[in-house]
Every structure is written in C-alpha cells, then in structure tokens.
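In full-length UniProt numbering, the protein residues as written are 1 to 594.
As structure tokens, then:
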C-alpha cells in the first residue's frame, strides 16, 4: 500500500502538518473577524450615543431634538429609547408597524437592562433576548445618562441586533473556508510531487539494494542530485564495490582453504561447541569410514570415537589443546585438538589426525628386514646343505632316495630363486628402475582370464568363486602383465586363507573416473593389530589361520602395493576376525590427449 511507502508517509505527514496549520489559522481568523465586527458595531453605537446626547443636551426634550434623533436612526438598523426617571419616554419606532423587533416594555423585562440603566456612566454590553416562541436574539446595547437642564433624569439606550453581524461573519467564514480548501488542494498536489521527487532516488537505491542482496554487485545507483541523497548514492556505490571486493576475497580464501585441506596428508576435522562435525577433509573421511566399518556402520552422531569425544570435552572445558592416540583397524592415529575462539569464547575445536603407524614402524621394519631375509634364507640353505652332505656321504640307499633328495634340493633352490627375484623386483620398483609397459587394457576381459585360471583351484578346494562386473567402459591404461599379477596374488592369498565350503568374490566395477577391483573372501580375517602391516615385506599371517601350510615368501602383498602405486592407484584392506577380508584396488582412468 502507498501508506506503507516513503512517498505515502511523507505525503501524509505534509498534509497533516499543513491541515493542522490551516485549521488553527482559520480558527484564529474566525475569532478575529468576529471580534472585529463586534468592535465596529460597539464603536458605531458609541458614536451615535455621543451624538444623540449632545443634541438632546442642546435641544432638550423638544420636538426638534426628537426629530433629529429619529432621522439619525432611520438610516441604520439601530434603535433608540429615551428614558425619563427610568420610564420609557420616547423611542424611534413609535407608531411603527409589526416589524419592530422588540418594544420598550419588553426591553424593561430584561434583567441585565435594569442594571445597565441604573448606572451613572455609559455602558456597552451584549444581551440575549428570548421571545414568546423561545427564540433567542443577541443584541449590542449602549446605555448612557444625560441632562437637559430640568429636574428629570434622562437616559439614552441604543441597541442593534447581531443578525446583520452574523450574516457578515458567515460570509467571511465562507471566504476563509474557500481559501483553506484551495490551499489544502494545492498542498496535496505539491506534497505528492515533492515526496515523489525526493523519494525517487531512494526507490532506485532500494531496488539496487535488493539486487545486491541477491548477489548482483554490478548494479550501480545513478546519482541525479548533489545533495545528501546524491552523497548517499555515492556511498552506496562505494559500499557495493567494497562488498564485491570483499566477497571475491572471501571466495578466493575459501577456495584456497578448501584446496589446502584437500591436499593435506593429515586429516582435519572441525566441530562446533555441541560436538557436531562441521568440516572434514578426505584423510579425515577415510579415518571416519574405517571407524564406521569397525563399528559395523553406526549412525553419523556415533561415528567419532569415544576417545575423541572425551578429548573434545576436555578441550572445551579447559580451553587448552590436548593430544591423544587412537587405534582404528589396527592403525595408530595421533589426534591433536585445539580450541577455536570467537573473541574469548570457545565456539568449537579443530582436530588434526595424523597416521602415526608408518612412522612408528619404520625403525622396527629396518631392524626386522635383515632378520626376515636371514630367516627366509636360513631354512632353504640349511636344507640344501643337509641334503647335499647326505648325498656326499652316500646316505641314500637307493636311486629313489637319491632322486628324492635331489628334488628337495631343487625345490629349495627354486624357493631361494623366487625370494631373490621378488627382492630384486621390490628393489627395482622402489628405485623406479622397473619399466611398465602401459597400453589400453580391457579390465573385464583380463579379470575374466584370471577368474578362469583360479576356478578349477577353487573347486578343488571346495570353495565357491564368484565373478562380477559392473559398468560399460572397462578400458584403462595399464601394464596387463602387472595388473594380472596383482589379481593373481590377491586371489591366491584369499584361496590360502579361506576354509572349505567358503566363498570368494572377484568384482570389477566402473567408477566415475576409474575402475575398482574388489577381492573378497569369507576366510579367517586379519587380526586388527596386523592390518597396518599386511603390505609390508615379509608379512605372513598366522599359519594356524591358514589352510595352506606351505606358506609364502611374505612379499606378495608388498609387490602388489608397489605395482598399484606405480600405476597411480590406491589399495586398501578391510577385515574382521572370522568374517573375512576385502582388498580394494582403485585404478584411476587418465584421459589421453590427442
């Protein structure tokens, strides 16, 4: 509505102000003209009274004096009565018709008149007379005593009805009301024009402010005047440009912070004062996913470990940074929590999560490497030495025994050769000296080849081997021999650790920007304390939990990880005791130029 706008409010304010001034002014003018008319009548009656008294004092009560008074009052609405000894002696309308307004006898019945006539000095007053019909008439009365040289007391009374004055006053009021109405109409148009002109830049600024509120900072406000509104437009444009600059700076800072968080190797989690998670980067999400898997998929409010929630409560209470260590899926994570302040009030915390497992185990792995190699070589060397000495000493009693000893020596030499070759492959991979022959590979076809190779082995071991694919684009740039080696090693490990009547699954799935290989088994699982080390050299599972007692070299998964890393991919494992394990290989698809 217009009354809710600035134009309506300003227009209404001007109208009310001008209306109040006009009303007060007209009331004062009404009173002024009414008093002025009364004063004129009183002055006129007073002048007539003085003139008549002077004539009567000169002529006395002779006929000439009366005729002079009669002639004086005939030309006006004034009537005169002469009293002698307070009794009406003569009046200007003796013998007149019925148009006489009031008779002397009736005048004498007015109480105020008696008081006027009893005075010794001239008196001017206003009287109200009520006739037989109860109609009231107002009069202006002038009474004055005079002497004619005789013994009688004379008094002159002049009076005039105010009806004539009322007509003049009404005419004056009509003129004043007409002038006031014209002034009100002119003020209405002028106020609307003025308010519209004054508020036009404000309405433009309002529209520009709404555009700015929608994020359109390129909407300038035109400056049409040089007054305060023009200065306001200049300030608004300056504020708009500053807001645009600040918003761009904030977006750049936000983007920079987002990229920094995404590229950090450490996990970062931000929580508010109530403990709800606000921001997390990919390493933190990976940590939370591992914890959720360990807790068998609890709800989001319960995803943070109890140790972290306890640490959070301590940080909020003490307002000091705290540190703890958490174990999830066998990995050790260091958590550092620091309070976030708003002025002096703690509004939340930021937690930095660092995977400390590799750092804690590096020294141990260095020390264990020589021992592991020595251990792996000691057994075949001892067997080679023992059986060769037996053959030298002619311990074998028959050709079959001699052949059996030679076979054992041959098998152990092959085992040593495999160990040395795998060590050499590991060293070359880590040094970047092992070349990979990258070419387009149909991963569905390659995985089906591996599946057919392991199908008879699984059937022989009474294990169900499943094969699944999902997607329409299985092509990826990779070394087919090395990727086949990855799937072979993973399936071989799954076959060794899956009991009879168990199941295995090889699944290849197309993702948004790559392919994912999952090898899942229903075997004994990997202990939580061993999960961080499954991809390390010489790692071997508990033989009591393995159906194949022959064992391996402990380098298979380490080689698998190196192959995946050299392809720019990722490998991870999730496992629970007596529920099986899932190894996941993700290979990113890189677009080829040209």
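Even glycine gets a Cβ: it sits at the ideal position worked out from N, Cα and C.
Are the beta-carbon atoms belonging to residue i and residue j less than 8 Å from one another?
{"i": "residue 533", "j": "residue 361", "result": "yes"}
{"i": "residue 45", "j": "residue 182", "result": "no"}
{"i": "residue 387", "j": "residue 405", "result": "yes"}
{"i": "residue 38", "j": "residue 168", "result": "no"}
{"i": "residue 337", "j": "residue 311", "result": "yes"}
{"i": "residue 308", "j": "residue 351", "result": "yes"}
{"i": "residue 238", "j": "residue 212", "result": "no"}
{"i": "residue 625", "j": "residue 184", "result": "The structure shown has nothing for residue 625, since the chain only spans 1 to 594."}
{"i": "residue 447", "j": "residue 506", "result": "yes"}
{"i": "residue 493", "j": "residue 556", "result": "yes"}
{"i": "residue 205", "j": "residue 235", "result": "no"}
From which residue to which residue does the beta strand (DSSP E) around residue i run?
{"i": "residue 461", "result": "Here residue 461 belongs to no beta strand (DSSP E), and DSSP marks it neither H nor E."}
{"i": "residue 325", "result": "322-328"}
{"i": "residue 339", "result": "331-342"}
{"i": "residue 520", "result": "514-521"}
{"i": "residue 506", "result": "503-510"}
{"i": "residue 155", "result": "154-161"}
{"i": "residue 271", "result": "267-272"}
{"i": "residue 84", "result": "79-84"}
{"i": "residue 137", "result": "136-146"}
{"i": "residue 353", "result": "345-355"}
{"i": "residue 527", "result": "First-last for residue 527: undefined, no H or E at that position."}
{"i": "residue 88", "result": "87-91"}
Please classify residue i: is it buried, with 16 or more other beta-carbons within 10 angstroms of its beta-carbon, or exposed?
{"i": "residue 473", "result": "exposed"}
{"i": "residue 579", "result": "exposed"}
{"i": "residue 347", "result": "exposed"}
{"i": "residue 98", "result": "For residue 98, the predicted structure reports a pLDDT of 39, less than 50, and the residue's modelled location is therefore unreliable. A value from the coordinates is still provided. With fewer than 16 Cβ atoms within 10 Å of its Cβ, residue 98 is classed as exposed."}
{"i": "residue 281", "result": "buried"}
{"i": "residue 489", "result": "buried"}
{"i": "residue 536", "result": "buried"}
{"i": "residue 344", "result": "exposed"}
{"i": "residue 159", "result": "buried"}
{"i": "residue 512", "result": "exposed"}
{"i": "residue 560", "result": "buried"}
{"i": "residue 522", "result": "buried"}
{"i": "residue 487", "result": "buried"}
{"i": "residue 208", "result": "buried"}
{"i": "residue 504", "result": "buried"}
{"i": "residue 479", "result": "buried"}
{"i": "residue 456", "result": "exposed"}
{"i": "residue 47", "result": "exposed"}
{"i": "residue 510", "result": "buried"}
{"i": "residue 214", "result": "exposed"}
{"i": "residue 189", "result": "exposed"}
{"i": "residue 496", "result": "buried"}
{"i": "residue 399", "result": "exposed"}
{"i": "residue 269", "result": "buried"}
Pick from the options: whose alpha carbon is nearest that of residue i?
{"i": "residue 55", "options": "22, 156, 584, 125", "result": "156"}
{"i": "residue 177", "options": "405, 11, 499, 24", "result": "24"}
{"i": "residue 143", "options": "154, 123, 162, 512", "result": "123"}
{"i": "residue 384", "options": "398, 399, 414", "result": "414"}
{"i": "residue 449", "options": "327, 357, 468, 273", "result": "468"}
{"i": "residue 527", "options": "91, 520, 576", "result": "576"}
{"i": "residue 42", "options": "58, 14, 22, 125", "result": "125"}
{"i": "residue 313", "options": "283, 276, 292", "result": "276"}
{"i": "residue 264", "options": "354, 321, 557, 334", "result": "354"}
{"i": "residue 324", "options": "341, 219, 138, 306", "result": "306"}
{"i": "residue 359", "options": "342, 378, 334", "result": "334"}
{"i": "residue 216", "options": "196, 231, 247", "result": "247"}
{"i": "residue 515", "options": "197, 214, 589", "result": "589"}
{"i": "residue 320", "options": "331, 501, 340, 459", "result": "340"}
{"i": "residue 195", "options": "290, 235, 31, 14", "result": "14"}
{"i": "residue 328", "options": "279, 555, 574, 443", "result": "574"}
{"i": "residue 438", "options": "412, 587, 295", "result": "587"}
{"i": "residue 174", "options": "445, 326, 33, 189", "result": "33"}
{"i": "residue 462", "options": "499, 403, 27", "result": "499"}
{"i": "residue 572", "options": "219, 31, 9, 289", "result": "289"}
{"i": "residue 161", "options": "137, 83, 482, 180", "result": "137"}
{"i": "residue 285", "options": "262, 273, 295", "result": "262"}
{"i": "residue 525", "options": "475, 582, 250, 483", "result": "582"}
{"i": "residue 29", "options": "444, 278, 172", "result": "172"}
How would you write the range of the alpha helix (DSSP H) that residue i sits in, first residue to last?
{"i": "residue 254", "result": "228-263"}
Looking at residue i and the ligand GDP, is the gap between the Cβ and the nearest heavy atom below 7 Å?
{"i": "residue 41", "result": "Among the components of this structure there are no ligands whatsoever, and the ligand GDP is therefore not found."}
Please give me, in chain order, every unbroken run of the alpha helix (DSSP H) with length at least 4 that falls completely inside the stretch 276-317.
Here the runs fully enclosed are 282-294.
In chain order, which continuous runs of the beta strand (DSSP E) of length 3 or greater are located wholly inside the stretch 555-587?
570-576
Which parts of the stretch 438-492 are runs of the alpha helix (DSSP H), unbroken and 4 residues or longer, counting only runs that do not cross its ends?
Runs of the alpha helix (DSSP H) inside the stretch 438-492: 443-460.
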